[in-house]
Amino acid sequence: MKQSQLFTKTLKQTPSDEQSYNARALIQGGFINKEMAGVYDFLPLGLRVLNKIIAIIREEINAVGGQETFLASLQNPELWKKTNRWDDAIYDVWFKTKLKNDTELGLATTHEEPLTNLLRKHISSYKDLPKSIYHFQTKFRNETRAKSGLMRLREFIMKDAYSFHASEEDLDAYYEKMKAAYTNIFKRAGLGDLTYLTFASGGTFSKYSHEFQTLTSAGEDIIYICEKCRVALNREIIEDVNHKCTECGNDKLREEKAVEVGNIFKLKTKYSSPLGLAFMDEEGVSKDVVMGCYGIGPQRLMGTVVETLHDEKGIIWPEAIAPFKVHILSLNKGTEAEKIYADLSSAGIEVLFDDRELTAGEKFADADLIGIPYRVVVSEKSLAAGGVEVKKRSEKEGDIEKVENLLKLFLKN
RNA sequence: CGGGGCAUAGUGCAACGGCUAGCACGAGUGCUUUGGGAGCAUUUAAUCCCGGUUCGAAUCCGGGUGCCCCGACCA
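Under my numbering, think of the first position of the first sequence as -1, with each following residue one higher.
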């Protein structure tokens, strides 16, 4: 894409109405726009990143048998009354609205109820199980305090997956597969080294649930890390386990601030029972379906990447989720840059081409701010040196590369 | 929901109760510039809302709204 055509502009100064780094950098770079506290628009650059994160999640969930759907955001209170979650005194994050005839509706905060109810039409026998179903859909949560840019939103997309099983053993086995899928997702998104599988409180039916916590000062959670096992314990359970690792008993735990980027949870029959999702087993006995649920917020994941991967000049996107792979900066009047842009683009490489009539300093500053992994500078100076300068965003110095080698270089990487 | 801070051109800041609300960046025009946010000239554009005090309010008072932060909360 030609940068001269991009409708968004970068800001020279960071916005004064944001404190968190992710919000400041993403707004300054033109990735997102703030509508109100906890509500952001995604602009072309930001949407490209978001879509790449979603694509990674989709691949990994599909790989463990997930079937993608798209459930509605307007929800029927009757289902929520059955699970006792409609009452604001019990579940206080609702945005509620009404039809013109005064019938109440809820804007989806999550989708356990409607999906469980939907599955009543499709699951009746042990032969129909197991199943894994997910979607990417907007959640609305009336948080008392939205905060920290993309870290706690009132309107956000969630990938929520739900699995349905004939037995707890089967759920347990699938849960481990999903755990591995989540590990892959965070690794691919560039957060592998900073993300810990974390034991958290389990609620009614399980001892523990698992969170995926990424270390960052922007996080809201305190976790205790066991380096031996590479797992962590959420502060909410630390007293229950006497400050010892649940895996190996290690009591030398390191306290860190972290953000919950994902959560997996064994629901068992918490929703199937009140909503009447049952199946007939091999003996002809009716049993409640056993469920698990698995959530990731792609926007929070994006915010976490920005919080953790940046320097004083701007964002440093991991290649897998960068808005573009290559950023070409044209500093001369010639057509060399234009040709490189055309050649790389037609080879399927994602290129942002800074063809704007600006000074070199402005282009460099914008490139650093936007944070595309590879910067290619085309100038009289580079051409005189035999080619173009190729520099990684994550490195200080670049190298002169011959123009004819670029295609090979970027197709290889 | 408790506590604190803030609200002025598109953006970032300034202005003792008093003159035509100032500066920088941005944007428009013209000329000059091009390896780290360039120069000259010129133009453009603002006091969150409602009420009050006062000869006079961006400034003081009351109420509202919005934003940020701390805490509470958070499948």
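Backbone N, C-alpha and C define an ideal beta-carbon position, used for all residues, glycine too.
None of these values were measured; they are calculated from a predicted model.
{"Check": "Three-state class that DSSP yields for residue 406 in the structure shown", "Outcome": "helix"}
{"Check": "Simplified DSSP assignment, three categories, for residue 126", "Outcome": "helix"}
{"Check": "Cα-Cα separation between residue 77 and residue 206, rounded to whole angstroms", "Outcome": "27 angstroms"}
{"Check": "Check whether residue 193 and residue 214 have beta carbons under 8 angstroms apart", "Outcome": "no"}
{"Check": "First and last residue of the uninterrupted beta strand (DSSP E) at residue 41", "Outcome": "From DSSP, residue 41 is part of no beta strand (DSSP E); its letter is neither H nor E."}
{"Check": "Beta-ladder partner(s) of residue 276, from DSSP", "Outcome": "286"}
{"Check": "C-alpha gap between residue 430 and residue 199, whole angstroms", "Outcome": "What the structure shows of the chain is the stretch from -1 to 411, and residue 430 is not part of that stretch, so it cannot be assessed."}
{"Check": "Whole runs of the beta strand (DSSP E) within the region 128 to 211, excluding any shorter than 3 residues", "Outcome": "129 to 138, 153 to 163, 193 to 199"}
{"Check": "Nearest neighbour of residue 291, chosen from 204, 274, 392, 305 [CA to CA]", "Outcome": "204"}
{"Check": "Integer-rounded CB distance, given that residue 149 should sit under 8 angstroms from residue 298", "Outcome": "6 angstroms"}
{"Check": "Distance between residue 111 and residue 81 (C-alpha atoms, nearest Å)", "Outcome": "8 angstroms"}
{"Check": "Within 8 angstroms, strictly: CB atoms of residue 66 and residue 120", "Outcome": "no"}
{"Check": "Straight-line gap, residue 180 to residue 260 (C-alpha atoms, nearest Å)", "Outcome": "8 angstroms"}
{"Check": "Euclidean distance between Cα positions of residue 360 and residue 395", "Outcome": "18 angstroms"}
{"Check": "Between the CA atoms of residue 330 and residue 222 - distance to the nearest angstrom", "Outcome": "53 angstroms"}
{"Check": "Supposed close pair residue 28, residue 41 - CB separation, criterion 8 angstroms", "Outcome": "6 angstroms"}
{"Check": "Which listed residue (31, 375, 294) has its alpha carbon closest to that of residue 135", "Outcome": "294"}
{"Check": "Cα-Cα separation between residue 18 and residue 300, rounded to whole angstroms", "Outcome": "13 angstroms"}
{"Check": "Residue of 164, 143, 37, 116 minimising C-alpha distance to residue 154", "Outcome": "37"}
{"Check": "For residue 317 and residue 437, the rounded distance between their alpha carbons", "Outcome": "Outside the modelled stretch of the chain, which goes from -1 to 411, sits residue 437, for which no answer is possible."}
{"Check": "Beta-carbon separation (whole angstroms), residue 335 vs residue 409, contact threshold 8 angstroms", "Outcome": "Rounded, the Cβ-Cβ distance is 19 angstroms, inconsistent with contact."}
{"Check": "Beta strand (DSSP E) runs wholly inside the region 212 to 257, at least 3 long, in chain order", "Outcome": "219 to 224, 229 to 232"}
{"Check": "Check whether residue 362 and residue 326 have beta carbons under 8 angstroms apart", "Outcome": "no"}
{"Check": "Check whether residue 239 and residue 195 have beta carbons under 8 angstroms apart", "Outcome": "no"}
{"Check": "Per DSSP, the bridge partner or partners of residue 328", "Outcome": "376"}
{"Check": "Opposing strand residues paired with residue 352 [DSSP bridges]", "Outcome": "327"}
{"Check": "Minimum C-alpha distance to residue 405 - residue among 383, 184, 374, 392", "Outcome": "374"}
{"Check": "Delimiting residues of the alpha helix (DSSP H) encompassing residue 31", "Outcome": "Segment 30 to 34 is the beta strand (DSSP E) holding residue 31; no alpha helix (DSSP H) there."}
{"Check": "Same chain, Cβ closer than 6 angstroms to residue 339, neighbours up to 5 away in sequence not counted", "Outcome": "326, 349, 351"}
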